[in-house]
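Student: Numbering (our numbering), first residue to last: 105 to 464.
C-beta: ideal position from N, C-alpha, C; glycine also.
Small disclaimer: the values here were computed from a predicted structure and weren't measured.
Questions regarding the structure given below will be posed in turn.
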C-alpha cells in the first residue's frame with residue numbers, strides 16, 4: 105500500500121480563528137506548489153522524491169479557457185529505480201486550441217498476470233522495464249464544443265529483468281523482449297462539461313485511433329481504438345451523479361504492455377492496472393459526489409468491467425466488480441481542482457489512491 109505525505113503541505117496546522125491563521129490558506133487561489141513525496145511498496149521498498157504542480161493562464165483576460173496545468177514529479181527508490189513524469193494540459197485562445205500530453209521516463213518494477221481470464225487468481229510474475237514515453241494530442245475547436253486533431257505516441261521499452269522461467273522469460277509473449285511502440289493517429293472530443301476538472305453537469309465523449317506501424321519506426325504492427333463517454337447530473341446543491349463508459353480495442357500484434365488493461369486509479373479502481381489484460385476491454389462506473397464541509401467532499405462509486413481476446417469471446421461471466429469511497433480536499437476551489445483520496449475494492453483485491461483531480 106502506498107503511503108502518501110502529499111497532503112501535509114495542504115492541511116492547516118493551526119485551527120481557524122481570528123487570532124491564528126492556518127499555515128497555508130486554502131481560501132487563496134493556488135497556482136504553484138512544490139511538495140516532497142515519500143511512499144512504500146513491496147516492489148520498490150522506500151521511495152523518495154518531489155512533485156511540482158503549476159496552474160496558469162496564458163492570457164489572464166481569457167476567462168473562457170480552463171486553467172492550464174503542468175506538473176513534474178521525480179522519485180528514486182531504495183531498489184535503484186527511477187520515475188520521472190511531466191504531464192500537461194494546455195488551453196489557448198478562449199479554449200479554441202488544446203494541447204494535452206506527457207513526457208515521462210520509467211525504470212520501474214511491474215507485474216504480469218498473464219493474458220486473458222484463465223490464469224489462476226493472484227498469479228503474478230515480476231519484471232522491471234525502463235522506457236521513455238511521449239504522448240501528445242493537439243486539437244482545435246471545429247464546431248461548438250467539438251475538438252479534433254492528431255495524436256502521437258512514442259515508447260521505447262527495454263526489459264531490464266524478468267522472472268526466470270516465467271512467461272516473459274520464455275519469449276513467446278509479444279513485447280517480452282522490449283522494443284519500439286510508435287504510433288500516429290487522430291482524436292475527436294465533444295466536450296460539454298461545465299468544468300474539465302470536476303464537472304457538475306454536462307457530457308463528454310472522446311474517441312481516437314492510433315496506428316502502430318513500421319512506417320513510424322514501430323517494432324509492432326497493430327491498431328488501437330478507444331472510446332470514453334461520460335455524463336454528469338447535478339442533483340442540486342452540488343450533489344453530482346457521474347457515469348462513465350470506457351472501452352479499448354486492439355487489433356494485430358499487440359505487445360503485452362500496450363494491451364487493454366483493467367484497473368488503475370481512474371477506471372476499475374480496486375485493481376492494479378494490468379491485473380487483467382487482453383486485446384479488448386470495456387468497463388462502466390457510476391459515482392456519487394457531494395460536498396461535506398468547507399474544503400472537503402465525499403464520493404462513493406461502483407463499477408464493473410472485463411477483458412477478452414475478441415468480441416465473440418466477451419462474456420458477462422468474466423465481468424469484475426469495483427466499488428469504494430473517497431474524500432476530496434479542495435486544492436483550488438474556484439477552478440474545482442481537488443486532491444483525491446480513494447479506497448477501492450475489487451474481486452479479492454483492494455487498493456488505496458492519493459492523486460490529483462477526479463477519476464473522470
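Indicate the three-state DSSP secondary structure (helix, strand or coil) for residue 317 in the structure shown.
Tutor: Correct three-state label for residue 317: coil.
Student: List the endpoints of the continuous alpha helix (DSSP H) containing residue 274.
Tutor: Element bounds for residue 274: 271 to 274.
Student: In the DSSP output, which residue or residues are listed as bridge partners for residue 386?
Tutor: Beta-bridge pairing links residue 386 to 351, 410.
Student: So is residue 414 buried or exposed if we call it buried at 16+ other beta carbons inside 10 Å?
Tutor: With fewer than 16 other Cβ atoms within 10 Å, it is exposed.
Student: In whole angstroms, give me the CA-to-CA distance for residue 221 and residue 322.
Tutor: About 28 Å.
Student: Looking at the unbroken beta strand (DSSP E) that takes in residue 207, where does it start and where does it end?
Tutor: Taken as a continuous stretch (DSSP letters only), the beta strand (DSSP E) holding residue 207 covers 201 to 216.
Student: In whole angstroms, what is the alpha-carbon distance linking residue 440 and residue 337?
Tutor: Going by the C-alpha atoms only, they are around 16 Å apart.
Student: Who are the near neighbours of residue 430 in its chain, counting only those whose CB is closer than 7 Å to its CB and skipping five residues on each side?
Tutor: The answer, listed in chain order, is 403, 444, 445, 446, 447.
Student: Does the count of Cβ pairs from the segment 197 to 212 and the segment 232 to 241 closer than 8 Å reach three?
Tutor: These segments touch.
Student: Using the Cα positions of residue 451 and residue 424, report the straight-line distance between them to the nearest angstrom.
Tutor: The straight-line gap from Cα to Cα measures roughly 6 Å.
Student: Would residue 292 and residue 261 qualify as a contact pair, given that the criterion is a beta-carbon distance under 8 Å?
Tutor: Their beta carbons are not under 8 Å apart, which means residue 292 does not touch residue 261 by this criterion.
Student: Along the chain, where does the beta strand (DSSP E) containing residue 330 start, and where does it finish?
Tutor: It spans 326 to 340 - the beta strand (DSSP E) in which residue 330 sits, taken as one unbroken run.
Student: Using CA coordinates, which residue listed in 187, 159, 168 is at the minimum distance from residue 174?
Tutor: Closest option to residue 174, Cα to Cα, is 159.
Student: Mind checking who residue 392 pairs with in its DSSP beta bridge?
Tutor: For residue 392, which the question treats as bridged, DSSP gives the partners 345, 404.
Student: Taking residue 291 as part of the beta strand (DSSP E), name the residues at either end of that continuous run.
Tutor: Counting along the chain, the beta strand (DSSP E) containing residue 291 begins and ends at 283 to 295.
Student: Any idea which residues DSSP pairs residue 155 with across the strands?
Tutor: Paired residue(s): 139, 177.
Student: Terminal residues of the continuous beta strand (DSSP E) containing residue 256?
Tutor: Counting along the chain, the beta strand (DSSP E) containing residue 256 begins and ends at 250 to 266.
Student: Looking at C-beta atoms only, is the number of pairs between the segment 294 to 313 and the segment 268 to 285 that lie closer than 8 Å three or more?
Tutor: Touching, no.
Student: What do you get for residue 386, buried or exposed, if any count of 16 or more other CB atoms within 10 angstroms of its CB means buried?
Tutor: Buried, since its Cβ has 16 or more Cβ neighbours within 10 Å.
Student: So who's on the other strand from residue 164, going by DSSP bridges?
Tutor: Note: residue 164 sits in no beta bridge, so no partner.
Student: Applying the 10 Å Cβ sphere with the 16-neighbour rule, what's the burial state of residue 258?
Tutor: Result: buried.
Student: To the nearest whole angstrom, what separates the beta carbons of residue 219 and residue 363, a pair I think is in contact under 8 Å?
Tutor: About 7 Å; that satisfies the 8 Å criterion.
Student: Can residue 463 and residue 370 be called in contact, C-beta distance under 8 Å?
Tutor: Closer than 8 Å, so yes.
Student: What residue does the beta strand (DSSP E) around residue 429 start on, and which one ends it?
Tutor: Here the beta strand (DSSP E) through residue 429 covers 424 to 436.
Student: Which residue marks the beginning of the beta strand (DSSP E) containing residue 241, and which one marks its end?
Tutor: Taken as a continuous stretch (DSSP letters only), the beta strand (DSSP E) holding residue 241 covers 229 to 247.
Student: Using the Cα positions of residue 325 and residue 287, report the straight-line distance between them to the nearest angstrom.
Tutor: Rounded to the nearest angstrom, the two C-alpha atoms are 9 Å apart.
Student: Between which residues of its own chain and residue 457 is the CB-CB distance below 6 Å, once the five residues before and five after are set aside?
Tutor: Excluding residues within five positions, the ones whose Cβ falls inside 6 Å are 369, 446.
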